[in-house]
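Note that the sequence shown covers residues 216 to 345 in this note's numbering.
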Amino acid sequence: MVPEKSPLRQTNVVTHIQKLAKFPGYAEIERYYERLCEVAHPNVAGNARFWTDSVKVDSDGSMIRTGAPNVANETVSIVLDDTLWGLAWSSVTIMAGFKILNEQIVTILQAFPAASDGHLLSSGTAVVKK
Numbered sequence: 216m217v218p219e220k221s222p223l224r225q226t227n228v229v230t231h232i233q234k235l236a237k238f239p240g241y242a243e244i245e246r247y248y249e250r251l252c253e254v255a256h257p258n259v260a261g262n263a264r265f266w267t268d269s270v271k272v273d274s275d276g277s278m279i280r281t282g283a284p285n286v287a288n289e290t291v292s293i294v295l296d297d298t299l300w301g302l303a304w305s306s307v308t309i310m311a312g313f314k315i316l317n318e319q320i321v322t323i324l325q326a327f328p329a330a331s332d333g334h335l336l337s338s339g340t341a342v343v344k345k
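Dropping the structure here:
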């Protein structure tokens, strides 16, 4: 068993999202995550993106919705908006991660100049040979 405080201990992604949502400017991340999870899993919201806007009501009062490719309805618009937001957010997060990683590599190469083998540009950018 991995100890509680170990960085190797697995954590549910929801735990991280809930922690992140407490920071200013990140409150909406939980809402986006929850709605996109609804779409990713087989349930009403996930299936509603395929429904047409016409509904047939049976004599017993139940409703039948039929699916069609390229349906344009409110659910599809919301899913598209949320998906684009999620992709944009992840892209920025990935770029920020690479920036942080690059800064750490530069710090390490500056601390051990003999090991850097001249792979540190004057701008402070690390260059890694393959």
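We put the beta carbon where it would ideally sit given N, CA and C, even for glycine.
- Tyr247 and Asn227 have their C-alpha atoms roughly 17 Å apart.
- Secondary structure note for Asn317: its alpha helix (DSSP H) is the uninterrupted segment Glu289 to Ala326.
- A straight line joining the alpha-carbon of Glu243 with that of Asp296 spans about 13 Å.
- Contact check for Glu219 and Ile232: beta-carbon distance about 20 Å, past the 8 Å limit, so the pair fails to qualify.
- Relative to the Cα of Thr290, the nearest Cα in the group Phe327, Val254 and Thr230 belongs to Val254.
- Within its own chain, the residues whose Cβ lies closer than 6 Å to the Cβ of Lys271, once the five positions on either side in sequence are excluded, are Ile279, listed in chain order.
- If you draw a straight line from the Cα of Ser306 to the Cα of Val286, it comes to about 27 Å.
- Pairing Arg250 with Ile293 gives a Cβ-Cβ distance under 9 Å.
- The C-beta of Leu299 has fewer than 16 other C-beta atoms within 10 Å across all chains shown, which makes the residue exposed.
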